[in-house]
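Below is one structure, written out as structure tokens, with a few remarks after it.
Numbering (this note's numbering), first residue to last: 76 to 156.
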């Protein structure tokens, strides 16, 4: 169910919304705002996943038996074509 909410936007944001509508990318200001909110939500979910992965990596400790030069050589070979 939709709920009306009043928001105040500066001229830049208002102009951007109008451009999106004029170019036919969106049908209304609500559509533009919804799309922006979906992108923001997705970005926050990605940041949270990255943060969790970093924390897990830190908890796992120092990598054992890792040879940086060997790794780099393998990467160069894999990307050489």
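Built from N, CA and C at the ideal position, the CB exists for glycine as well.
Contact set for residue i: own chain, Cβ-Cβ below 8 angstroms, skip 5 residues either direction
i           : result
residue 110 : 101
Same chain only: Cβ atoms within 6 angstroms of residue i, ignoring 5 sequence neighbours per side
i           : result
residue 141 : none
Burial state of residue i (16 or more Cβ within 10 Å)
i           : result
residue 107 : buried
residue 92  : buried
For residue j and residue i, believed in contact at Cβ under 8 angstroms, the rounded distance
i           : j          : result
residue 105 : residue 96 : So it is not a contact: roughly 10 angstroms between Cβ atoms.
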